[in-house]
Amino acid sequence: MLTRRAFLSSMVVVGAGASGFRFQSESKQARVGEASLPQTTEPKPNPESVDLAAIERWENLFDDVECGEVIAQFVPLTLTSEADEEPYMRVWKGPCPFCSKSEDSLSILQSAYWCHACGTNGTAIDFYARIEQVSLPEAIRRLEILLASGQLRDRRALQERYWAMMEEARRFSHHLLVDTPKGASQCERLAEQGIGRETVGRRRLGFACPAFSGALTDHLLSYGFSLCELVDHGLTRTSPTGAKRYDFYETMRDVLMPIEDAQGRCWGFLSNARPLANVYHDGMMTVAPKRMQRLILPPPIWQEDARRSERVYLARTPNEWIMLEEHGVTNAAYIGPWTDEILPPARFRSVLGRADTLCVAVWEKDRLPQARIIENLLERMSACLDRLKVCRVPVGTTLSELVRTQGAARIYSMMEASVPVSRLLLGDQ
Ligand SMILES: [Zn+2]
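This note's numbering applies: residue 383 is where the sequence shown begins, and numbers increase by one.
The following block contains the structure:
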């Protein structure tokens, strides 16, 4: 989990720096540069040259290579933690090939190494580039080849295992929704909200509640997964004594919306009642954290989706997003509970990659939520506030109701009429 401090610092490093998006309009950059900043001869980055696919390819490599597996190709390593320790907790030791000062000065974790004798440290990619004496791009290219050929296999095997587990969890929870009497009542409730059977099937929505306690765990055990795997991944929880076990999702007592990536793989489930509950999934966060942190609905496909729309509306709940999509609003997205400070900055990067302007809803005359929304968004988007606008929604209604009663055109016109967040701060309403 990100602490508040870590979140803010990573926003600077990841959100505003590495992603390289245009966080200020060109006119504003020019104005600030002329008025207050010293003139520089350094070329300004070309915002349109940002290649999101390339950034994600780099991140994928961080997810896919196990540091110990790469280093073991060059020096003999000894596992110093228990053999059955979870992969991300394993510690390896071995001789450092860069200083040879002692036999086991090198320590290696899942994603990093360091030498206690000479101080050299870094990721698997750093190690490979240094020991092979190649550039970083060449190291990346070669490591991708080693992954594709199956020579580096450890982490990908675990990812594939977890994806298979989640796929079966998705299939089973969908079955609970569409094939059981308790699920039928949930489907009726969804229909009342305007989410029909077609959407339930297309989105493969699921259901979990205490009435089915342990059913998913039993199903996955019968399917060939071990209890240890289910607990490590976070699908199954056990009581402190270990005597009782239950499904993590049953505590949601709600319809479940699968979180999918662009390849259609399931990463976990969102619940409309508790959207916070599973933004992070234990297993996926340990074996594919970069991919997990940038997941949004719908998953973008770069470069096709880059700046696809002029505006994108940031839905407040999974249900709001699905309702808008069902009624033809194609430029809405759900990135998680964006008023929460643990939301990874990479999700803002994903959604800002889709459109020039991000629109959020505020309710007219609803002062307290407005202040809360502004406080949170100022923290998260301080470097790109010119890309944030607010839509005013009449008190006593929701976007879901508006789109159901007045259609997608009403939402589009509301987004077109959105105003800069500063208008709210200045009282120009
Ligand atoms: Zn060393």
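Using N, Cα and C, we set each Cβ at its ideal position, and we do this for glycine too.
Bear in mind that the values here come from a model prediction, so they are computed numbers and not experimental data.
Set against 8 Å, the gap from the CB of residue 488 to the closest heavy atom of ligand 1 is smaller.
For residue 708, the closest C-alpha among the options 789, 544, 539 is that of 789.
In this structure the stretch 600–607 does not touch the stretch 521–528; the number of beta carbon pairs closer than 8 Å is below three. Looking only at 740, 566, 579, 773, the smallest Cα-Cα distance to residue 590 is reached by 566.
At a cut-off of 8 Å, the beta-carbon of residue 497 counts as near ligand 1: some heavy atom of the ligand is closer than that.
Looking at 525, 497, 500, 516, the one whose alpha-carbon comes closest to that of residue 506 is 525. The closest CA to that of residue 795, considering only 694, 497, 761, 766, is found on 694.
Per DSSP, reduced to three states, the secondary structure at residue 532 is coil, with no helix or strand assignment.
Here residue 792 has 784 as same chain residues with Cβ atoms under 6 Å from its own Cβ, once five neighbours each way along the sequence are excluded. Distances from the alpha-carbon of residue 802 to those of 700, 514, 767 put 767 closest. Sixteen is the threshold: when 16 or more other Cβ atoms of the shown chains lie within 10 Å of the Cβ of residue 448, as they do, the residue is buried. Closest in alpha carbon position to residue 558, among 533, 587, 450, 580, is 587. Residue range 506–514 is occupied by the alpha helix (DSSP H) that includes residue 512. Per DSSP, reduced to three states, the secondary structure at residue 789 is coil, with no helix or strand assignment. Nearest to residue 675 by alpha-carbon distance, out of 620, 642, 621, 653, is 642.
With fewer than 16 other Cβ atoms from the protein chains shown falling within 10 Å of its own Cβ, residue 464 counts as exposed. Our two residues, residue 763 and residue 781, have alpha carbons roughly 23 Å apart in a direct line. The Cβ neighbour count for residue 533, taken over all protein chains shown within 10 Å, is under 16; the residue is labelled exposed. Separation of residue 491 and residue 446 (C-alpha to C-alpha, rounded to the nearest whole angstrom) is 14 Å. Annotation for residue 502 indicates a beta carbon within 8 Å of some heavy atom of ligand 1. Distance from the CA of residue 774 to the CA of residue 714, rounded to the nearest whole angstrom, comes to 16 Å.
If only complete runs of 4 or more residues are kept, the stretch 667–735 shows the alpha helix (DSSP H) at 671–675, 700–708, 727–734, in order along the chain. When DSSP states are grouped into helix, strand and coil, residue 639 belongs to the strand group. Taking a 10 Å sphere around the C-beta of residue 632, we find 16 or more other C-beta atoms and assign the residue as buried.
The Cβ-Cβ distance between residue 598 and residue 617 falls below 9 Å. The beta carbons of residue 644 and residue 681 sit about 4 Å from each other, so the pair counts as a contact at 8 Å. For the pair residue 452 and residue 510, the CB atoms are nearer than the 9 Å cut-off.
Nearest to residue 742 by C-alpha distance, out of 444, 769, 731, 704, is 769.
A residue is called buried when at least 16 other Cβ atoms come within 10 angstroms of its Cβ; residue 527 does not meet this threshold and is exposed. According to DSSP, residue 590 shares a beta bridge with 636. Not a single heavy atom of ligand 1 lies less than 8 Å from the C-beta of residue 449. Here DSSP, grouped into helix, strand and coil, assigns residue 603 to helix. The closest CA to that of residue 433, considering only 718, 620, 730, 689, is found on 689. Bridge partners of residue 771 according to DSSP: 741, 802. Residue 474 and residue 517 have their C-alpha atoms roughly 26 Å apart. Put simply, the stretch 574–583 does not touch the stretch 620–631. Fewer than three CB pairs are less than 8 Å apart.
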